[in-house]
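K.L.:
Heads up: the sequence shown is residues -19 to 300, going by our numbering.
The beta-carbon is built from N, C-alpha and C at its ideal position, and this holds for glycine as well.
What follows is a structure written as structure tokens; I'll ask about it next.
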Amino acid sequence: MAMTLDDLAPGERVVTIGTFDGVHRGHRRLLDRAVQRGLELGLPVTGVTFEPVPAAVLRPEAFSGRISTPEAKLERLAAAGLDEIVVVPFTRDLARWSPETFMTWLKEKTGLRELWVGEEFALGKDRTGTVERLTAIGAALGFRVVAVPRLTNGTEVVSSSRVRAAVMSGDVATARRLLGRPFRVSGEVVHGQHLGRSIGFPTANVVPPPALAPLADGIYAAWAWLPDDTAPRPAVAYVGSRPTVDDGARMVETHLLDFEGDLYGQTLATDLLERIRPDARFDSLEELVAQMEIDKAHARDVLTREQQSLHSGVAPSMTG
């Protein structure tokens, strides 16, 4: 799916460039406009992105984590209609390049005719390659720069940092509004201690990818997806380290409602819709089970509202 700059065939292109972490609604508006421009010009549209995320390389001590894995990001970019997706390895050496050096290199590699970016995009040493400077470079090298304004939802700016903050606080409703889809955790179902099964709440356990921003611990109403599913399965998910039991490794433990079966080794995607409550320590397993019954009933109420909204053609908390 992903290419390098050296893989590109000769010829002119429309290029859009960015980190695209999460591929949120603002990113998709930029991508949609770049794709439409490519159709107007009869040119391929190439998305250029960086891995690792630049902030993880330049400010690792301050970087709280990604919104999506590299694989999920590439899937979202492909779904946006790009003809080509190029991944540029991001290093400290690359970060020291001047904007002129980087854009000369990009022009040579891509046949760049138009560059589409967000209005606050910047690249190069100390982020000096602002839209204004890139426009001047484009005039000298022979390409046009188009800056797409940031997307806002009322007074709320759609940005990766805002999504990340929402995820880390457990505000998955806001994350969903900004992403235009529920926040998802996916991975291979692994064996746990089988405690859930012994108390009537079997769970499919997934270790969250370590590079992701840490999701707030707690109980969530969720949709669960298995690889061949055409519709989501109702679920309630626990995120945390099981303080009542053993304070173990952090897991996403998804209890599929009205489901029986063995999911070990399968890939499970869990879409988190609403945080029901934060994590808590209980004095006994009996207290824990009683609370889990309450949580399950709450999750069913949330999922019933979701289904009613979907049937009416209005997806709750999704505005893009």
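1. According to DSSP, is phenylalanine 0 part of a helix, a strand, or is it coil?
2. What number of angstroms, rounded off, separates the C-alpha of valine 128 from the C-alpha of leucine 11?
3. I think glycine 91 touches glutamate -8, with their Cβ atoms under 8 angstroms apart; what is that distance to the nearest whole Å?
4. Could you spell out the range, first to last residue, of the beta strand (DSSP E) harbouring glutamate 31?
5. What does DSSP give as the partner residue(s) for serine 264 in the beta ladder?
6. Confirm, please, whether the CB-CB distance from isoleucine 47 to methionine -19 is below 8 angstroms.
7. Can the beta-carbon of phenylalanine 43 be found closer than 8 angstroms to that of alanine 52?
8. Is it the case that the Cβ atoms of glutamate 80 and proline 50 are separated by a distance below 8 angstroms?
9. Applying the 10 Å Cβ sphere with the 16-neighbour rule, what's the burial state of aspartate -14?
10. Would you list the residues sitting across from aspartate 305 in a DSSP beta bridge?
11. Alpha carbon to alpha carbon, how far is alanine 119 from valine 68? Give it in angstroms, no decimals.
12. How many angstroms separate the CA atom of glutamate 235 from the CA atom of isoleucine 256?
13. I'd like to check one pair, valine 232 with leucine 95: are the Cβ atoms closer than 8 angstroms?
14. List, from N- to C-terminal side, the alpha helix (DSSP H) runs of 4 residues or more that fit wholly inside the region 113 to 200.
15. In three-state DSSP terms, what is leucine 283?
16. So the beta strand (DSSP E) tryptophan 96 belongs to, where does it begin and stop?
17. For a quick check, are the C-beta atoms of valine 33 and aspartate 1 less than 8 angstroms apart?
18. As a quick exercise: from Arg222, Phe163, Leu21, Asp209, pick the residue whose alpha carbon is nearest that of leucine 195.
19. Give the straight-line distance between the Cα atoms of alanine 215 and alanine 204, rounded to the nearest whole angstrom.
20. Would you give the residue range spanned by the beta strand (DSSP E) that leucine 11 belongs to?
21. For my contact list, valine 143 and leucine 158 are in at a C-beta cut-off of 8 angstroms; report their separation, rounded to the angstrom.
22. Considering Cα atoms alone, identify which of Ala60, Ala260, Gln287 is closest to aspartate 275.
P.N.:
On the basis of the data shown:
1. Looking up residue 0 in the sequence shown gives position 20. Phenylalanine 0 carries a coil assignment under DSSP once its states are collapsed to helix, strand and coil.
2. Counting from 1 along the sequence shown, the entry for residue 128 is found at position 148. Counting from 1 along the sequence shown, the entry for residue 11 is found at position 31. Roughly 10 angstroms between the two C-alpha positions.
3. As a working mapping, residue 91 is identified with position 111 in the sequence shown. As a working mapping, residue -8 is identified with position 12 in the sequence shown. About 4 angstroms separates the CB atoms of glycine 91 and glutamate -8; that is less than 8 angstroms, so the two are in contact.
4. Numbered from 1 along the sequence shown, position 51 holds the residue referred to as residue 31. Glutamate 31 -> beta strand (DSSP E) spans 25 to 31.
5. For the purposes of this step, residue 264 is taken as residue 284 along the sequence shown, with counting starting at 1. Answer is none; serine 264 lacks a bridge partner.
6. Along the sequence shown, read from residue 1 onward, the residue named residue -19 stands at position 1. Along the sequence shown, read from residue 1 onward, the residue named residue 47 stands at position 67. Between methionine -19 and isoleucine 47, the gap from beta carbon to beta carbon reaches 8 angstroms or more.
7. Taking the sequence shown and counting its residues from 1, the one referred to as residue 43 is at position 63. Taking the sequence shown and counting its residues from 1, the one referred to as residue 52 is at position 72. With respect to alanine 52, phenylalanine 43 sits apart: the two C-beta atoms are not nearer than 8 angstroms.
8. Taking the sequence shown and counting its residues from 1, the one referred to as residue 80 is at position 100. Taking the sequence shown and counting its residues from 1, the one referred to as residue 50 is at position 70. For the pair glutamate 80 and proline 50, the CB atoms are not nearer than the 8 angstroms cut-off.
9. Locating residue -14 in the sequence shown gives position 6, where the first residue counts as 1. Here aspartate -14 is exposed: its Cβ has fewer than 16 other Cβ atoms, across all protein chains shown, within 10 Å.
10. Because the chain in this structure spans residues -19 to 300, residue 305 falls outside the shown range and cannot be described.
11. Counted from its first residue, the sequence shown places residue 68 at position 88. Counted from its first residue, the sequence shown places residue 119 at position 139. If I take the Cα positions, the gap works out to 24 angstroms.
12. Position 255 of the sequence shown, counted from the first residue, corresponds to residue 235. Position 276 of the sequence shown, counted from the first residue, corresponds to residue 256. Residue identity check: residue 235 is histidine in the sequence provided, not glutamate. Inter-residue distance for histidine 235 and isoleucine 256 is about 14 angstroms (C-alpha atoms, whole angstroms).
13. Position 115 of the sequence shown holds residue 95. Position 252 of the sequence shown holds residue 232. It is not a contact, given that the beta carbons lie outside the stated cut-off.
14. Runs of alpha helix (DSSP H) with 4 or more residues, each lying fully within the region 113 to 200, are found at 140 to 149, 152 to 159, 175 to 178, listed in chain order.
15. As a first step, residue 283 is located in the sequence shown; it is residue number 303 there, counting from the start. Correct three-state label for leucine 283: helix.
16. Locating residue 96 in the sequence shown gives position 116, counting from the first residue. Counted as a single uninterrupted DSSP element, the beta strand (DSSP E) harbouring tryptophan 96 occupies residues 92 to 98.
17. In the sequence shown, the residue the question calls residue 33 occupies position 53. In the sequence shown, the residue the question calls residue 1 occupies position 21. Contact: yes.
18. Along the sequence shown, one-based indexing puts residue 195 at 215. Measuring from the Cα of leucine 195, the nearest candidate turns out to be Phe163.
19. For this step, residue 215 is matched to residue 235 along the sequence shown. For this step, residue 204 is matched to residue 224 along the sequence shown. Separation of alanine 215 and alanine 204 (C-alpha to C-alpha, rounded to the nearest whole angstrom) is 6 angstroms.
20. Here residue 11 corresponds to residue number 31 of the sequence shown, with the count starting at 1. Where leucine 11 is concerned, there is no enclosing beta strand (DSSP E), although the alpha helix (DSSP H) it sits in stretches over 5 to 21.
21. Working through the sequence shown from its first residue, we reach residue 143 at position 163. Working through the sequence shown from its first residue, we reach residue 158 at position 178. Confirmed, Cβ separation roughly 5 angstroms.
22. In the sequence shown, residue 275 corresponds to position 295, counting from 1. The residue with the shortest Cα to Cα distance from aspartate 275 is Ala260.
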